[in-house]
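Residue numbers (this note's numbering), protein chains in the order written: chain A, 6 to 154; chain B, 6 to 154.
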């Protein structure tokens with residue numbers, strides 16, 4: 006997660022990752038390899054002689070942006086110890102300091118857990134239907150937790 | 006993360022978590038303890054004799070909803086192997102199948118990494134100013150990666 010965050014902040018080279026994250030070369034190398042295998046990062050040569058590679062986010066990796074921003078925002082809200090967020094984010098399109106907000110693609114209102122109901126997707130629905138025909142049962146998904154403490 | 010996801014789906018009791026997640030009691034107990042220590046879950050008695058506890062999400066825990074939904078959505082987009090998402094989400098307020106979308110709190114447009122610039126928050130800005138006065142330098146934050154591969 007920290008490697009991906011660093012990549013979003015513009016880090017691409019092994020030594021930069023290492024000095025930013027302060028982990029051993031062995032561990033960093035192993036983790037970068039896993040992210041490449043997962044298709045989140047891609048290894049691209051930036052120098053021919055000697056051959057040197059850098060790591061760039063793929064489209065799949067860039068797709069993690071909402072996850073990272075949501076997590077950073079949560080950290081700012083709950084972990085700041087009263088000192089305020091270390092980083093603020095400016096949305097260039099409107100020029101404002103932005104708070105990332107998860108909204109509904111259809112009505113554009115903020116999504117709250119108590120207002121969202123999961124249901125089986127099409128593949129699982131077919132499976133459930135087949136099982137029902139065969140006389141088996143398929144657990145329903147519990148409604149999302151509606152109340153906290 | 007899987008424990009928290011399970012809690013959002015309504016799981017509260019130790020045995021339910023265990024059968025849903027399939028991890029050892031020892032490991033589950035250790036992880037639930039960490040989440041309680043972190044203030045994400047709280048242990049609440051639901052029975053007096055014998056004394057039994059359940060685990061509920063706190064407000065801090067509920068604040069992780071955008072992180073989990075973004076991660077689930079990313080998984081559905083990039084990991085579905087062509088079978089479609091296992092779960093769909095219906096937004097009760099509008100009745101539509103929703104795609105969680107990260108948007109700007111100010112202009113309500115979707116947030117894209119290349120359109121968001123991080124800057125130092127107030128606490129760090131003061132620190133940077135003090136260091137500058139003392140003749141020290143403070144690395145600027147690199148602009149976010151603008152292009153992928």
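No residue lacks a Cβ here, since even glycine has one placed at the ideal position from N, Cα and C. None of these values were measured; they are calculated from a predicted model.
Starting from the C-beta of residue 58 (chain A), find all residues in its chain whose C-beta is less than 6 angstroms away, skip the five residues before and the five after it, and write them out in chain order. So the list reads 48 and 50, once near-sequence residues are dropped.
Can you tell me the Cα-Cα spacing of residue 81 (chain B) and residue 89 (chain B), whole angstroms? One alpha carbon belongs to residue 81 (chain B), the other to residue 89 (chain B), and they sit about 7 angstroms apart.
Chain A beta carbons: is any one of them nearer than 8 angstroms to that of residue 65 (chain B)? At a cut-off of 8 angstroms between beta carbons, residue 65 (chain B) contacts chain A.
So, at 6 angstroms on beta carbons, what are the nonlocal neighbours of residue 154 (chain B) in its own chain, with the 5 sequence-adjacent residues on each side left out? With a pLDDT of only 33 at residue 154 (chain B), under the threshold of 50, the placement of this residue in the model should not be trusted, and no figure is reported.
Any C-beta of chain A under 8 angstroms from that of residue 50 (chain B): So, not an interface residue.
Best match in A:63, A:87, A:97 and A:54 for proximity to residue 119 (chain B) [C-alpha to C-alpha]: The option with the nearest alpha carbon to residue 119 (chain B) is A:97.
In this structure, how does DSSP classify residue 150 (chain A) when only helix, strand and coil are distinguished? Interpretation of residue 150 (chain A) is limited by its pLDDT of 40, a score under 50 that renders its predicted location unreliable; the figure taken from the coordinates is listed afterwards. Three-state result, residue 150 (chain A): coil.
If you draw a straight line from the alpha carbon of residue 66 (chain A) to that of residue 85 (chain B), how long is it in whole angstroms? Each residue's alpha carbon lies about 16 angstroms from the other.
Contacting positions in the region 102-119 of chain A - beta carbon closer than 8 angstroms to chain B: For the region 102-119 of chain A, which is checked against every Cβ of chain B, the residues closer than 8 angstroms are 102, 103, 104, 105, 106, 107, 108, 109, 110, 111, 112, 113, 114, 116, 117 and 118.
Within chain B, partners of residue 6 (chain A) - CB distance below 8 angstroms: Here the premise fails: no neighbours, minimum Cβ distance about 10 angstroms.
Output yes if chain A places a C-beta closer than 8 angstroms to the C-beta of residue 19 (chain B); else output no. Answer no: the Cβ-Cβ gap between residue 19 (chain B) and chain A never drops below 8 angstroms.
Taking 8 angstroms as the threshold (beta carbon to beta carbon), is residue 70 (chain B) in contact with chain A? Cβ-Cβ to chain A under 8 angstroms: yes for residue 70 (chain B).
Within-8 angstroms CB hit, residue 22 (chain B) to chain A: At least 8 angstroms separates the CB of residue 22 (chain B) from every CB of chain A.
Enumerated in chain order, which unbroken segments of the beta strand (DSSP E) with a length of 3 residues or greater are wholly contained in the region 15-47 of chain B? DSSP runs (the beta strand (DSSP E)) wholly in the region 15-47 of chain B: none.
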